[in-house]
Structures are given as structure tokens and as C-alpha cells.
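The next block holds one structure in the form of C-alpha cells; read it before the comments.
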Amino acid sequence: MGRHRTLEILDLKAGYDASEILHGINLHVDTEEIVSVIGPNGCGKSTVLRAIMGLTQWSAGQILFQGADIRGIDSSRIVAGGIGYVPQLENVFSGMTVTENLQIGGYLLPRAERKRQIERSYELFPVFKDRRAQAAGTMSGGERQTLALAMALMISPKLILLDEPSAGLSPKATHDMYGNIVGLPERLGMSVLIVEQDVHGVLEVSQRTYVLSMGANDFDAPSDQVMDDERIRLAYLGEGD
Ligand SMILES: Nc1ncnc2c1ncn2[C@@H]1O[C@H](COP(=O)(O)OP(=O)(O)OP(=O)(O)O)[C@@H](O)[C@H]1O
Ligand SMILES: [Mg+2]
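Be aware that the sequence shown starts at 165, since it is given in my numbering, and climbs by one per residue.
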């Protein structure tokens, strides 16, 4: 018996209006697994996450979450069903405080539970404890990315989708960000799917990696073997000749 599949994408073709961007994507995330998706700018990484959240059009394939096809379901119902999503850009409300952002992350929850989950956020991320009233827009890039993660965790999702959590961060802030992510499966009982353009950090915290190229699977491997692959060395490290 294999482990239980949290997410399974089968031959997904999807895009925007008339243009098909994903030409047949296959990937899966098992229970409490961290999986990464890497590939060059424009290859369709963000579109994969948007397709899961019901934010694209599609022409073929299946997206199974805990065994049920979620294609065509409204985004807010997908969130309520247990998928958290941190978009690549504009993922916090700059003019609002830490607490207000967390309230928005938990808007689907009953009031009392929302309060409990906000307190849990401060336990998970003590950096925010004394900064509840600070406007998100005045925080560092790393703190904002952490707040965006905390917002998505408010509903205790079974799967969380992270679009370039290291974007714009220094190596130190990237390291700290991945330090927050690596313990999530065991601590909160969830699976994690991370999209990244920069491979540093994500290969260390994920068990398996999918490499995309022009809207399709290129190859996949255990993350600790990906850096040894000739294709990755060429694409990311400029070590070819
Ligand atoms: N809303 C949209 N309407 C039309 N085309 C779009 C839309 N969003 C993205 N695209 C196109 O889809 C393709 C894939 O974009 P996507 O954002 O998924 O790439 P990506 O791999 O996430 O890139 P990056 O590493 O730069 O974030 C690109 O050619 C892009 O121009
Ligand atoms: Mg992207």
C-alpha cells in the first residue's frame, strides 16, 4: 500500500481564455509530504497552483483532493474544503494590522474559533506576538511572507500551496522562511506543495521535486537527487559548456 494521496493531478490541460498554458501536467502530493515544483520563469508553475484553486480555465484532466475531483468548484469552497493558498504577489493587506490580516485569513471560521486560531498563530509565529497592531506594509519582506503563511494556516488546511515563498528575500530570510515550512506536516498534520523559481532552500525541505518545462512535466526525482541531474545543473547553475 502506498501512502494516502492528498493531491493528485492527472493529465491537466489548463490556461486562460483561448491560450492553453499547461499541456498535460501530472503530479501528486502524499499525506504529510512536502513537494516542490521548479522550473524557469513562465513555464506555468503559478498556473498549476491557480488551476488547483479554480482560478483558470481547463480543457482536460483531473484534480483530485483527498480522492474527490475539485475541478469546477468555486475557490472559496475549495478553501473551506481544506486547501490553503499563498499567492506569489500581494498576499497580505499592507494597510491592515497583523491581527486584521489574520482575521481575514480566518473569515470563513466562526468567531470563537477565529479567535482561537489567531492565538495559535501567535504561538506558531512568536515574532508577531508583540506586533499585533503593526501594519503589514511596514514589515520586512520575510515577515510579510510569514504573515501570508500564517493567514493561510488560519483555516487549518490539509494542503497548503505556496507560490515562491522565497521571492525577494535575502538568503538568511529564505532560510528562516523554510525553517517555518519544514515542520508544518508533523506539527499541523498537513501536506505542502511549493512552487519556486530559486531552488536554494526548497530542495532541502521537500521530499520530491517536479521540474516543469513549457507547461509540461520535464522530470521528477527525490529532491536530494535533483541537483545531481545534468538538466538542472545546466538550467540553474550555469555549469554546462
Ligand atoms: N491571467 C493570465 N492571462 C493570460 N496569460 C497568463 C495569465 N497569467 C499567466 N499567463 C501566462 O501563462 C504563462 C505561465 O505563467 P505562470 O505565471 O504560470 O509562470 P511561472 O512559471 O509561475 O513564472 P514565474 O517564475 O515568473 O512566476 C506565461 O506565459 C504567462 O504570460
Ligand atoms: Mg509564478
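Backbone N, C-alpha and C define an ideal beta-carbon position, used for all residues, glycine too.
Check: Going by the DSSP bridge assignment, what does residue 177 pair with across the sheet?; Outcome: 187 and 224
Check: What would DSSP say about residue 387, mapped onto helix, strand or coil?; Outcome: helix
Check: May I ask you to list the residues that DSSP assigns as paired with residue 360?; Outcome: 202
Check: Is it buried or exposed for residue 302, if we count other Cβ within 10 angstroms and need 16 for buried?; Outcome: exposed
Check: CB-CB under 7 angstroms to residue 295, same chain, minus the five flanking residues each way: which ones, in chain order?; Outcome: 262
Check: Indicate whether residue 171 and residue 257 have their beta-carbon atoms separated by less than 8 angstroms.; Outcome: no
Check: Give the DSSP-derived three-state secondary structure of residue 324 in the structure shown.; Outcome: strand
Check: Can you tell me whether residue 403 is buried or exposed, with buried defined as 16 or more other CB within 10 angstroms of its CB?; Outcome: Only weak support exists for where residue 403 lies, its pLDDT of 49 falling under 50; the coordinates are left without a value.
Check: With distances taken from CA atoms, which of 201, 195 and 245 is nearest residue 218?; Outcome: 245
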